[in-house]
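Before any comments, here is the structure.
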Amino acid sequence: MRIVRYRASDGRVWGGLVEGDVVVPVAEEAGGFMADAVRDLIAAGGSFVPAGAAVPLADVSLLSPLANPQKIICIGLNYADHIRETGLETPSKVLAFVKTAQTLAGPVDDIVVAAGSTGQLDWEAELAVVIGAPARNVSPEEAGAHVFGYTVADDVSARDAQFADGQWFRGKNFDGFCPLGPWIVTADEIADPHALAISARVNGETVQDSSTSEMIFRIPEIISYLSQYMTLNPGDVIATGTPHGVGMGRNPQLWLKDGDVVECEVEGVGVLRNRVRVK
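Quick note: the sequence shown, position 101, residue 101 per full-length UniProt numbering, numbers continuous.
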């Protein structure tokens, strides 16, 4: 299944199922600061019962598939080829940091940054895991049962802010710095999440071209490790790291500028397409 959040032509927001070139509404998203139709559907056991007639996918606006996950956890330095390009040491254990829900953006939303806020805007194409069942103190062997599905993330980063502070929080948490989508593909449709092509393009030029096989810590290890310290809840997102080819690692370095279009793609999952706007 492909699960989406979308805005219908009348402005109402729904969680739904994509079937070919149509989307079937399942649950309308109630108003409110913490509303999240898809997160609530996952938490309720993932029963997706149609709640209305299908509408053409072309007639709706796709949103981030999750609006308010409890946690967005990102894994740093988790691709062997990315380690090689940075010249950094391979981590001995999972390196994790968080993004707030305010960083979420939809699969075609603009990435809007304030003029003067950063001069080193970078991209990171990532495979993201969506948790489907609470996980606490689970083993790697048990971890798969807690995965609902997969989506694509762009861990947008302001490198100057990221490395100026001694920790990464500010440089990773500008509003809109986590485009997500275009949907969640359920786990049963991905035979091996560690054998997927992953790529990024800037203005149509390929800048990242790798495979999730380059992951140092695999998804079961990541889930198990994190669950030793916190409960992972339905709808939580884990972005599993990025491969080589980020702007920071290029020679000369390449930074995103106003008007640039970034596409992040994971085989079998989907494509993000976001334009940079500096205002």
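Where is the CB? At the ideal position from N, CA and C, for every residue including glycine.
Under the rule that 16 or more other beta-carbon atoms within 10 Å means buried, what is residue i, buried or exposed?
i      : result
Lys99  : buried
Gly181 : buried
Tyr6   : buried
Val38  : buried
Asn137 : exposed
Val202 : buried
Met34  : exposed
Glu19  : exposed
Asn251 : exposed
Ser210 : buried
Ala67  : buried
Ser227 : buried
Ser157 : buried
Ala53  : exposed
Val49  : exposed
Leu88  : exposed
Lys172 : buried
Looking at the structure shown, is residue i part of a helix, part of a strand, or coil, going by DSSP?
i      : result
Glu171 : Here the sequence assigns Gly to residue 171, which means Glu is not the residue at that position. Here Gly171 sits in helix by DSSP.
Glu267 : coil
Arg7   : strand
Arg136 : coil
Gln162 : helix
Glu214 : helix
Asp36  : coil
Thr86  : helix
Asp188 : helix
Pro182 : strand
Tyr79  : strand
Ala27  : strand
Asp59  : helix
Which residue from the options puts its Cα closest to that of residue i?
i           : options                           : result
Glu29       : Ala161, Val147 and Val13          : Val13
Leu63       : Val152, Lys172 and Gly245         : Val152
Gly46       : Glu141, Val108, Ala125 and Val147 : Val147
Phe163      : Asp258, Arg218 and Gln120         : Gln120
Val266      : Glu142, Ala125, Lys279 and Asp110 : Ala125
Ile73       : Ala200, Thr231 and Val24          : Thr231
Arg159      : Gln253, Ser92 and Leu104          : Gln253
residue 290 : Gly31, Ala51 and Asp10            : As shown, the chain starts at 1 and ends at 279. That puts residue 290 outside it, with no answer to give.
Val94       : Leu104, Glu85, Tyr79 and Thr103   : Tyr79
Thr240      : Ser9, Ala187, Ala128 and Ala44    : Ala128
Asp192      : Gly171, Arg218 and Arg170         : Arg218
Tyr150      : Asn173, Trp183 and Asp165         : Trp183
Ile75       : Ile216, Val262, Ile3 and Val49    : Ile216
Give every residue of the same chain whose Cβ lies closer than 6 Å to the Cβ of residue i, excluding the five residues on either side of it in the sequence, and list them in chain order.
i      : result
Ala145 : none
Asn233 : Gln70 and Pro134
Ala200 : Trp123, Ala125, Val207, Gln208 and Cys264
Gln102 : Asp175
Who does residue i pair with in a DSSP beta bridge?
i      : result
Lys99  : Ile72
Met1   : According to DSSP, which records beta bridges pairwise, Met1 is partnered with nothing at all.
Ile131 : Val147
Glu19  : Val22
Ile238 : Ile73 and Val129
Glu205 : Val202
Ala105 : Pro179
Which same chain residues end up closer than 7 Å to residue i when comparing Cβ atoms and leaving out the 5 residues on each side of it in sequence?
i      : result
Ile83  : Leu77 and Thr90
Ser213 : His194 and Ala195
Pro140 : Pro220, Glu221 and Ser224
Lys279 : Val112, Ala114 and Ala115
Ala197 : Ser211 and Glu267
Ser61  : Tyr6 and Arg7
Please confirm if residue i has its CB atom under 7 Å from at least one CB of chain B.
i      : result
Gly166 : No chain B is present in this structure, which holds just one protein chain.
Closer than 8 Å by C-beta to residue i: which residues in its own chain qualify, once you throw out the five before and the five after it? Chain order, please.
i      : result
Asp110 : Gly176, Asn274, Arg275, Val276 and Arg277
Asp21  : Pro56, Leu57 and Ala58
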